[in-house]
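Novice:
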Amino acid sequence: MVFDVFGMCNALVDVQAKVDETIIQELGLQKGGMFLIDELQRCFLIEHLAERVVHSEAGGSGANTMIGVSLLGGKACYTSKVADDEYGRLYRRSLSEKGVKPNLAVGEGSTGVSFILLTPDVQRTMCTYLGASQQLRPDEVNIDDLRQSRYLYITGYMWDTESQKQAVLHAMQEANRAGVRVAFSLSDIFCVRRHKADFQRLLEQHVDVLIGNATEAQELSGADNPHRAAQLLADYCDVAVVTMDSRGALIRRGDVVHEIPAFRVEAIDATGAGDMYAAGLLYGLCAGLSLEVAGRLAAYTAAQVVTKMGARLDSIEIPEHILQ
Numbered sequence: 012m013v014f015d016v017f018g019m020c021n022a023l024v025d026v027q028a029k030v031d032e033t034i035i036q037e038l039g040l041q042k043g044g045m046f047l048i049d050e051l052q053r054c055f056l057i058e059h060l061a062e063r064v065v066h067s068e069a070g071g072s073g074a075n076t077m078i079g080v081s082l083l084g085g086k087a088c089y090t091s092k093v094a095d096d097e098y099g100r101l102y103r104r105s106l107s108e109k110g111v112k113p114n115l116a117v118g119e120g121s122t123g124v125s126f127i128l129l130t131p132d133v134q135r136t137m138c139t140y141l142g143a144s145q146q147l148r149p150d151e152v153n154i155d156d157l158r159q160s161r162y163l164y165i166t167g168y169m170w171d172t173e174s175q176k177q178a179v180l181h182a183m184q185e186a187n188r189a190g191v192r193v194a195f196s197l198s199d200i201f202c203v204r205r206h207k208a209d210f211q212r213l214l215e216q217h218v219d220v221l222i223g224n225a226t227e228a229q230e231l232s233g234a235d236n237p238h239r240a241a242q243l244l245a246d247y248c249d250v251a252v253v254t255m256d257s258r259g260a261l262i263r264r265g266d267v268v269h270e271i272p273a274f275r276v277e278a279i280d281a282t283g284a285g286d287m288y289a290a291g292l293l294y295g296l297c298a299g300l301s302l303e304v305a306g307r308l309a310a311y312t313a314a315q316v317v318t319k320m321g322a323r324l325d326s327i328e329i330p331e332h333i334l335q
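Okay, so the sequence shown: first residue is 12 according to the numbering used here, each after it adds one.
1) Within 10 angstroms of the Cβ of N236, are there 16 or more other Cβ atoms? Answer buried if so, exposed if not.
2) CB D280 to CB M320, shorter than 8 angstroms?
3) Just tell me which of Q184, H269 and A234 has its CA closest to the CA of I165.
4) Rounded to the nearest angstrom, what separates C248 and R63 at their Cα positions?
5) Which of the three DSSP states is assigned to N187 in this structure?
6) In three-state terms, what does DSSP make of A87?
7) Take Q211 as the anchor and find which of G142, L324, G118 and A245 has the nearest alpha-carbon.
8) What are the residues that DSSP puts in a beta bridge with T136?
9) Is K176 helix, strand or coil by DSSP?
10) Spatial neighbours of I154 within its chain, please: CB distance less than 6 angstroms, with the 5 preceding and 5 following residues excluded, ordered by chain position.
11) So, are the CB atoms of Y168 and S198 less than 8 angstroms apart?
12) Write down every uninterrupted run of the beta strand (DSSP E) in the region 55-129 whose length is 3 residues or greater and which is fully enclosed by it, in chain order.
13) Can you give me the Cβ contacts of V111 inside the same chain, cut-off strictly under 7 angstroms, excluding the 5 residues immediately before and after it?
14) Got a sec? Which residues, its chain only, sit under 6 angstroms from R158 by beta carbon, not counting five neighbours each side?
15) Go ahead and pull the three-state DSSP assignment for F274.
16) Measure from the alpha carbon of E227 to the alpha carbon of each residue in I333, A251 and S105, then state which is nearest.
17) Tell me whether A61 is buried or exposed, calling it buried when 16 or more other Cβ atoms sit within 10 Å of its Cβ.
18) Which one or two residues does DSSP pair with Y288 in a beta bridge?
19) What does the Cβ neighbour count give for H217, buried or exposed, with the cut at 16 atoms within 10 Å?
20) With DSSP as the reference, label K207 as helix, strand or coil.
21) In angstroms, rounded to a whole number, what distance separates the CA positions of E108 and Y288?
22) So is E230 buried or exposed if we call it buried at 16+ other beta carbons inside 10 Å?
23) Pairing CB atoms from the region 22-36 with CB atoms from the region 129-148, are three or more of them under 8 angstroms?
24) My guess is that G233 and I271 are in contact by the Cβ rule of under 8 angstroms, so how many angstroms apart are they, rounded?
25) Closest by CA to M12, which one among V191, Q145, I35 and F55?
26) Of the residues S105, C297 and R148, which one's Cα is nearest the Cα of S91?
27) Sort out for me which residues DSSP pairs I165 with in a bridge.
28) Alpha carbon to alpha carbon, how far is H238 from E97?
29) Specify the secondary structure class of H332 as computed by DSSP and reduced to three states.
30) Determine, using beta carbons only, whether L23 and S125 come nearer to each other than 8 angstroms.
31) Rounded to the nearest angstrom, what separates L56 and V268 at their Cα positions?
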């Protein structure tokens with residue numbers, strides 16, 4: 012195989028700003044969620060957060076995961092859509108510099124941006140302007156690269172526009188035909204609530220590995236606890252992964268459940284925890300690690316990224332005992 016993971020998600024420039032609870036309330040947001048905004052709201056936030064920005068970089072959930080796979084030693088490519096503007100060029104260059112092959116179509120308007128509002132309790136609330144990324148079409152998915160990949164990785168964020176939905180379904184169908192395994196991240200509780208029925212159909216028809224936190228997994232399955240959610244979801248896919256923050260994670264295949272403890276660290280910014288968890292898990296599976304060891308690697312990589320500002324790591328060393 013040429014690639015370990017073929018990722019698809021929104022191409023967004025991440026703009027992180029430290030805020031207090033009052034600003035979240037003033038903006039009428041529910042803390043901890045992801046909210047789609049329009050051009051007018053994008054301009055408002057740029058002005059409103061001007062003096063609060065602490066970090067900006069090319070990102071988006073799926074891209075962060077692909078960069079994480081590359082950082083760990085895997086081969087990744089990434090499909091999305093940008094505009095012919097400064098952010099779009101930065102995005103393409105940034106992926107290449109991080110060792111990820113960019114399969115980026117070019118559309119009209121502006122490249123997408125995600126304002127990540129960080130509150131003192133380390134929660135992040137995202138206001139996302141999808142921009143050009145929401146225009147991705149099925150014919151812009153590089154099927155040749157997809158067929159030469161071990162995994163197709165899709166995030167729930169791709170389900171908010173019809174064009175993207177069709178692109179995702181096309182990619183999943185091609186992956187199923189080619190024997191490429193499909194991993195799907197639920198991404199966000201509000202995504203699950205908006206698209207619950209669609210996500211359930213995807214799980215039944217196309218998904219091999221499902222990744223979600225306890226709240227997302229319980230919402231999708233209708234269960235009242237993480238263990239029951241993992242059990243129900245594993246009935247419809249090969250592997251169900253339910254993360255539980257400081258309580259670790261459950262990885263279930265059939266009747267076998269691995270309870271993976273979390274690593275104790277001092278968390279500064281939880282922005283990239285889920286993205287790096289997915290990177291560690293996917294890299295581990297592609298490297299032939301057992302589910303338990305891949306889960307331990309995922310927990311370790313997630314723990315490392317929350318100790319710094321930003322959604323990515325510049326480097327990482329994996330202690331030998333993690334892989335044993």
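Idealized CB from N, CA, C, for every residue including glycine.
Specialist: If we stick to the structure as given:
1) What you label residue 236 is simply residue 225 of the sequence shown in a count that begins at 1. Looking at its Cβ environment, which holds fewer than 16 other Cβ atoms inside 10 Å, N236 is exposed.
2) To locate residue 280, count along the sequence shown from 1; it is residue 269. To locate residue 320, count along the sequence shown from 1; it is residue 309. Yes; because the gap between Cβ atoms is below 8 angstroms, this pair is in contact.
3) As a working mapping, residue 165 is identified with position 154 in the sequence shown. For the residues Q184, H269 and A234, the minimum Cα distance to I165 belongs to Q184.
4) In the sequence shown, counting from the first residue as 1, residue 248 sits at position 237. In the sequence shown, counting from the first residue as 1, residue 63 sits at position 52. One C-alpha to the other measures close to 43 angstroms.
5) Residue mapping note: residue 187 aligns to position 176 of the sequence shown, counting from 1. Reduced to three states, the DSSP call for N187 is helix.
6) Translated into positions along the sequence shown, residue 87 becomes position 76. Here A87 sits in strand by DSSP.
7) Counting from one through the sequence shown, the residue named residue 211 turns up at place 200. Closest option to Q211, Cα to Cα, is A245.
8) The count along the sequence shown starts at 1 and reaches residue 136 at position 125. According to DSSP, T136 bridges with L128.
9) Start at 1 with the first residue of the sequence shown, and residue 176 comes out as number 165. Reduced to three states, the DSSP call for K176 is helix.
10) Within the sequence shown, the letter at position 143 stands for residue 154. Only E185 meet the Cβ criterion.
11) In the sequence shown, residue 168 corresponds to position 157, counting from 1. In the sequence shown, residue 198 corresponds to position 187, counting from 1. In contact: Y168 and S198 (Cβ atoms closer than 8 angstroms).
12) 64-70, 87-94, 111-118 and 123-129
13) Position 100 of the sequence shown, counted from the start, is the residue given in the question as residue 111. Excluding residues within five positions, the ones whose Cβ falls inside 7 angstroms are M77, I78, S81, A87, C88 and Y89.
14) Here the question's residue 158 lines up with position 147 in the sequence shown. Within the same chain, R158 has close Cβ partners A189.
15) Residue numbering aside, residue 274 sits at position 263 when the sequence shown is read from its first letter. Residue state, collapsed to three classes: coil.
16) The count along the sequence shown starts at 1 and reaches residue 227 at position 216. Minimum Cα distance to E227 is reached at A251.
17) One-based indexing of the sequence shown puts residue 61 at position 50. By the neighbour-count rule (16 or more Cβ atoms within 10 Å), A61 is not buried but exposed.
18) Locating residue 288 in the sequence shown gives position 277, counting from the first residue. Answer by DSSP bridge pairing: none, since Y288 is not bridged.
19) Here residue 217 refers to the residue found at position 206 of the sequence shown. H217 is buried by the Cβ-count criterion.
20) Against the sequence shown, residue 207 aligns to sequence position 196. Note: K207 maps to helix in three-state DSSP.
21) Taking the sequence shown and counting its residues from 1, the one referred to as residue 108 is at position 97. Taking the sequence shown and counting its residues from 1, the one referred to as residue 288 is at position 277. Their backbone Cα atoms lie some 22 angstroms apart in a straight line.
22) For this step, residue 230 is matched to residue 219 along the sequence shown. It counts as buried.
23) yes
24) Counted from its first residue, the sequence shown places residue 233 at position 222. Counted from its first residue, the sequence shown places residue 271 at position 260. Not confirmed; about 24 angstroms, so no contact.
25) Numbered from 1 along the sequence shown, position 1 holds the residue referred to as residue 12. Closest option to M12, Cα to Cα, is V191.
26) Numbered from its first residue, the sequence shown carries residue 91 at position 80. Comparing Cα positions, the closest option is R148.
27) Here residue 165 corresponds to residue number 154 of the sequence shown, with the count starting at 1. Per DSSP, M19 and F195.
28) To locate residue 238, count along the sequence shown from 1; it is residue 227. To locate residue 97, count along the sequence shown from 1; it is residue 86. Straight-line Cα distance between these residues: approximately 46 angstroms.
29) For the purposes of this step, residue 332 is identified with residue 321 of the sequence shown, where counting begins at 1. It is helical.
30) Within the sequence shown, the letter at position 12 stands for residue 23. Within the sequence shown, the letter at position 114 stands for residue 125. Contact: yes.
31) Counted from its first residue, the sequence shown places residue 56 at position 45. Counted from its first residue, the sequence shown places residue 268 at position 257. So the alpha carbons of these two residues sit roughly 44 angstroms apart.
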